[in-house]
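First to last, the protein sequences are chains A and B.
One gets the working numbering by counting positions in the first sequence from 1 and adding 1 to each.
Read in the working numbering, the second sequence has 469 at position 474, and its numbers run on one by one without any break.
Virtual Cβ for every residue (Gly too), placed ideally from N, Cα, C.
Written below as structure tokens is the structure these notes are about.
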Amino acid sequence: MRVETFELEVALLRGPLAVIEVGGYINNEAGEAIVATARRLLEEGHRQLLFDLKATRIINSIGISLLLEVLEMVMEAKGTLAFCSPSPSIAKTFQIMGLAQYARIFESRAAALDALSTPS
Amino acid sequence: MSDVAAVLELLRHPSREGGADMPRAVLAELLRRTGAAGGAVGVGPRELARVPGGGECWRTTLPAGRDEFWLELAGGAEPDPPLKLAAGVVLGSWLMREELKQARFAERRRLWEVESLRAIAEALGGTLEPIRLAEELVLRVAALLDARRGEVWLVGGEGWWRGAGSSGGATLLSGHTYRVAARVGGPVLTPEEAAKIPDEGWLAATRMALPVVGRRGRVGVLALAEREVRGGTTPFTPADLDTLSLYAAQAAVAFENAALHGEAVERERLERELELAASIQKQLLPASFAAPPGFEIAARSDACRHVGGDIYDVVEAGQGSVLMLADVAGKGVPAALMASSLHAAVHLLAAGSGDIGELAHRLHQHLLAATPANKFATAFMARLAADGTLEYTSAGHTPALLVFEEGRVEALHPVGPPLGLLPDPHYSSQRAWLPPGTVLVAFTDGLSEAPSASDGEEYGVERIRDAVVRLRHEPLPRLVDGLFADVDRHTGGAALHDDRSVLALRRSGM
């Protein structure tokens, strides 16, 4: 039985890009950990934050509000916030809650890395 | 940069750390510009930021239009009016922006709730696997109600979700099995607590639970713990329990559908197995035989279920063909299994037995050793010699009938108890002679005890005797079918209440 325990790991740092793998339930506690990690990475100069949600199946409204906070931080830093591999349910949630309007959403990490490494 | 411009510059960074520290930034700028050692800003009764120090503070208002912002600075310091106006504009702009964000978030959250309800209806309707249903349910419910932990229990007397995959043990309480089928965040209830949730649900500050009740009773329990807010938790409310009940109602239908589907699949599997068993048994009950020279043999068996406990065969055993018709006590699969065992035993033992009584005794011993104590079978067995001599025995079987060409009838009564019933029975071999044209008909009690459609009167041995006498000159298969048809007329074509079998033999003319 999967209990959706939260896990977070910075999986890749390459120039301005940071890939953060997130697994489990994104709730208040998890969201705050995401905010703290995002803030640290921005302070370290990473302006492209890609969150890989492959191992995430559930997010609540507190988690969403904290991701919106990350979005504001990234936008203020004139950076890019991206998500990849969201479940259909989470992708729909991002769309409804407005995250998809400002963050970039990719079906896979490969697609995200490809797009983010290409100057826009 | 002027004091006013420095404060207005803050507007360019409206969302530092989620906007939470904009008041702190404004206050810091005002302290810097006025030289005050400490102070605070707020709106109405709410303090937004404070920097301690500097002694007693003096409060002044910051003009901001709609909102009543105030400023307290230590040591009597006070910004000039343009600086107060700039601070009020920045704070007013910040507050409106925050309110707008919250309103937009609340509006989108309501849309998300509606979408969640629609999505869960779709998800629950899209699967018939109980564990997947439970997972969908717990993910949706915990997310929608901002619960830190959640779980779905499945409840059932017989564990209706059996075969749905294993994920944890089940607990038996008050005759019902409780098992956590899906969980998020961590445990919520103990099995004992899950078993005690009342029908109307249970609401406490940090936990709430609701049973999932279908038409056949309680099928599950939804449970959540710790309703989250930013930075902590807040108690669950009756409105939360109402929301949970919306999901429970949907889940009840979905779980019931899953249970019904599971039962239908199981029934279908059993049906297929029974059809296969019936097909195998049919192979054991041929309708025609290679009869020994000078004889005709025909047989028929109709089982009242897919498979039956009647068995017959004709076995070539060196000293003459052995005929057997047996009726195993009981019906359906258990009787069919025992009938198959008896059938195999006859084939194995027929050649090595001296007289037919010895064969009966050896079959009796086989049944006694290989079947439960309450299982037995009646059997009529005979060995046929080419000169028309019939050596026979009957183990508690309904009397077989010898019908001579002129219409005279002789009943061949049992000489011992059913096979497998008593510890040490004796089966004697009896002899009869069959003149040419004589018909031997052995039958099971499914024919003689077939009830009339009108008054329940049994068809009886007398009617069998009359029918065979009437049909004795017909070709043997037609005689057998005619007898079955006569029984059918008696019962009005009603469904069989017991297996019906006939084994018929005729000694041909010289």
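Cα-Cα separation, residue i to residue j
i, j, result
"S118 of chain A", "A112 of chain A", "10 Å"
"A35 of chain B", "L114 of chain A", "46 Å"
"R502 of chain B", "H338 of chain B", "25 Å"
"E30 of chain A", "L106 of chain B", "24 Å"
"E5 of chain A", "P186 of chain B", "21 Å"
"L6 of chain B", "S88 of chain B", "8 Å"
"P40 of chain B", "W65 of chain B", "10 Å"
"F231 of chain B", "T238 of chain B", "11 Å"
"I35 of chain A", "E124 of chain B", "34 Å"
"A392 of chain B", "A406 of chain B", "Rather than Ala, the amino acid found at residue 392 of chain B in this sequence is His. Roughly 11 Å separates the two Cα atoms."
"L442 of chain B", "H171 of chain B", "45 Å"
"L241 of chain B", "P233 of chain B", "13 Å"
"F506 of chain B", "E452 of chain B", "The first residue shown for chain B is -4 and the last is 505, placing residue 506 of chain B beyond what the model contains."
"A1 of chain B", "T56 of chain B", "20 Å"
"L344 of chain B", "L354 of chain B", "7 Å"
"M98 of chain A", "T201 of chain B", "27 Å"
"S60 of chain A", "A330 of chain B", "A small fix is needed here, since residue 60 of chain A is Ile in this sequence, not Ser. Going from the Cα of I60 of chain A to the Cα of A330 of chain B covers about 58 Å."
"E261 of chain B", "V208 of chain B", "23 Å"
"L100 of chain A", "Y26 of chain A", "18 Å"
"E33 of chain A", "L67 of chain A", "7 Å"
"A32 of chain B", "G48 of chain B", "6 Å"
"E4 of chain B", "L51 of chain A", "30 Å"
"V133 of chain B", "T57 of chain A", "14 Å"
"S88 of chain A", "V21 of chain B", "41 Å"
"R92 of chain B", "R104 of chain B", "18 Å"
"H342 of chain B", "S336 of chain B", "10 Å"
"R509 of chain B", "R174 of chain B", "Residue 509 of chain B lies beyond the residue range present for chain B, which begins at -4 and ends at 505; the question has no answer from this structure."
"V482 of chain B", "H408 of chain B", "22 Å"
Cross-chain neighbours of residue i in chain A, by beta carbon under 7 Å
i, result
"E110 of chain B", "K93, I97"
"D141 of chain B", "N61, S62, I63"
"A138 of chain B", "I59, I60, N61"
"L106 of chain B", "I97"
Where residue i falls, given that 16 or more other Cβ within 10 Å makes a residue buried
i, result
"Y307 of chain B", "buried"
"K370 of chain B", "buried"
"E8 of chain A", "exposed"
"S161 of chain B", "Reliability fails at S161 of chain B, whose pLDDT of 42 lies under 50, so the model's placement of it is uncertain and no value is given."
"T384 of chain B", "exposed"
"V224 of chain B", "exposed"
"L435 of chain B", "buried"
"H485 of chain B", "buried"
"A254 of chain B", "buried"
"R61 of chain B", "exposed"
"L277 of chain B", "For clarity, residue 277 of chain B is Lys in the given sequence; the question names Leu instead. Flag for K277 of chain B reads exposed."
"H421 of chain B", "exposed"
"S90 of chain A", "buried"
"I459 of chain B", "buried"
Under 7 Å by beta carbon: chain B residues contacting residue i
i, result
"Y26 of chain A", "V179, G180"
"V90 of chain A", "Reading off the sequence shown, one finds Ser at residue 90 of chain A, where the question assumed Val. The answer, in chain order, is A114."
Partner residues on chain A for residue i, Cβ-Cβ distance less than 8 Å
i, result
"R103 of chain B", "I97, M98, G99"
"V224 of chain B", "N29, I63"
Chain B contact residues for residue i, given Cβ-Cβ distances below 9 Å
i, result
"R58 of chain A", "E130, L134, V179"
"S109 of chain A", "Going along chain B, no residue has its Cβ under 9 Å from S109 of chain A, so there is no contact; the nearest lies around 22 Å."
Partner residues on chain B for residue i, Cβ-Cβ distance less than 8 Å
i, result
"V4 of chain A", "R178, V179, G180, G181"
"S118 of chain A", "Those within 8 Å of S118 of chain A in chain B number zero; the least Cβ separation is about 27 Å."
"S66 of chain A", "F100, R225"
Check whether residue i and residue j have beta carbons under 8 Å apart
i, j, result
"E251 of chain B", "V214 of chain B", "yes"
"A427 of chain B", "L498 of chain B", "no"
"A137 of chain B", "V179 of chain B", "yes"
"V183 of chain B", "R144 of chain B", "yes"
"A189 of chain B", "E130 of chain B", "no"
"D53 of chain A", "V20 of chain A", "yes"
"F399 of chain B", "P430 of chain B", "yes"
"Q102 of chain A", "G80 of chain A", "no"
"A72 of chain B", "G30 of chain B", "yes"
"T373 of chain B", "D322 of chain B", "yes"
"S86 of chain A", "S62 of chain A", "no"
"L112 of chain B", "R222 of chain B", "no"
"A78 of chain A", "L43 of chain A", "yes"
"I351 of chain B", "A381 of chain B", "no"
The ligand GTP heavy atom lying under 7 Å from the CB of residue i
i, result
"A165 of chain B", "The ligand content of the structure shown is nil, which means the ligand GTP is not present either."
Three or more C-beta pairs below 8 Å linking the region 296 to 311 of chain B and the region 323 to 335 of chain B: The answer is yes - the region 323 to 335 of chain B touches the region 296 to 311 of chain B, with three or more Cβ pairs under 8 Å.
Count the CB pairs spanning the region 353 to 368 of chain B and the region 401 to 414 of chain B that are closer than 8 Å, and state whether there are at least three. Pairwise C-beta distances place the region 353 to 368 of chain B in contact with the region 401 to 414 of chain B, as three or more of them are shorter than 8 Å.
For the 8 Å Cβ check, are there 3 or more pairs between the region 235 to 249 of chain B and the region 203 to 214 of chain B? Yes, the region 235 to 249 of chain B is in contact with the region 203 to 214 of chain B.
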